[in-house]
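Participant: Would you mind keeping the following structure in view while I ask a few things?
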Amino acid sequence: MKGRLLGGRYQVEEELGRGGMAVVYRAFDRSLERRVAVKVLHRELASDEEFVGRFRAEAQAAARLSHPSIAQIFDTGADDGDYFIVMEYLPEPDLKAIIRNYAPLPVHKAAEVGVQACEALGYAHQHG
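Using the numbering used here, you'd call the opening residue of the sequence shown number 3 and step up by one each time.
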């Protein structure tokens, strides 16, 4: 996937992480000249209409949210059988990286991270 141009616009640079449904890449938006994150649905799931529907519903729900701890959705698309969601690239370490690199966390840091996560989850619950 590295080097691929998705949607004629998003140049894939490197993999950031993967889950059961998709892989997230850092990419460069050639149109707006900025870094973005692109979530690409696993190819084996792209032929399943139910998974594609869930993937699109995820993008639509997330696009309605505006919170500092939730990545903003910029675009969605499909390219040669690959469905993708383009979102704000947040270079700060994610929770998994914080725990991996700093565990055990000092109590004050764990509380800070916990409060941010709870605020984001509360906001998402209220708005979607």
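Even for Gly, the Cβ is constructed at its ideal location relative to N, Cα and C.
Small disclaimer: the values here were computed from a predicted structure and weren't measured.
In angstroms with no decimal places, state the Cα-to-Cα distance between Val-117 and Asp-82.
Facilitator: 41 Å
Participant: In whole angstroms, what is the alpha-carbon distance linking Val-26 and Val-54?
Facilitator: 16 Å
Participant: Taking the alpha carbon of Arg-11 as the reference point, which residue from Lys-111, Ile-87 and Cys-120 has its own alpha carbon closest?
Facilitator: Ile-87
Participant: Check this for me: beta carbons of Leu-18 and Arg-6, under 8 Å apart or not?
Facilitator: No, these two residues do not count as a Cβ contact at 8 Å.
Participant: Considering only their Cβ atoms, is the gap separating Ser-68 from Gln-74 smaller than 8 Å?
Facilitator: At the C-beta level, Gln-74 and Ser-68 come within 8 Å of one another.
Participant: Is Glu-51 helix, strand or coil by DSSP?
Facilitator: Look at Glu-51 here: in three-state DSSP terms it is helix.
Participant: Just curious, the alpha helix (DSSP H) that Lys-111 is in, first and last residue?
Facilitator: From DSSP, the alpha helix (DSSP H) with Lys-111 extends over 109 to 129.
Participant: For a test of the three-state rule: what should DSSP assign to Ala-24, helix, strand or coil?
Facilitator: The answer is strand: DSSP assigns Ala-24 an E or B state.
Participant: With distances taken from CA atoms, which of Pro-93, Pro-70, Arg-37 and Leu-8 is nearest Ala-126?
Facilitator: With distances taken between Cα atoms, Ala-126 lies closest to Pro-70.
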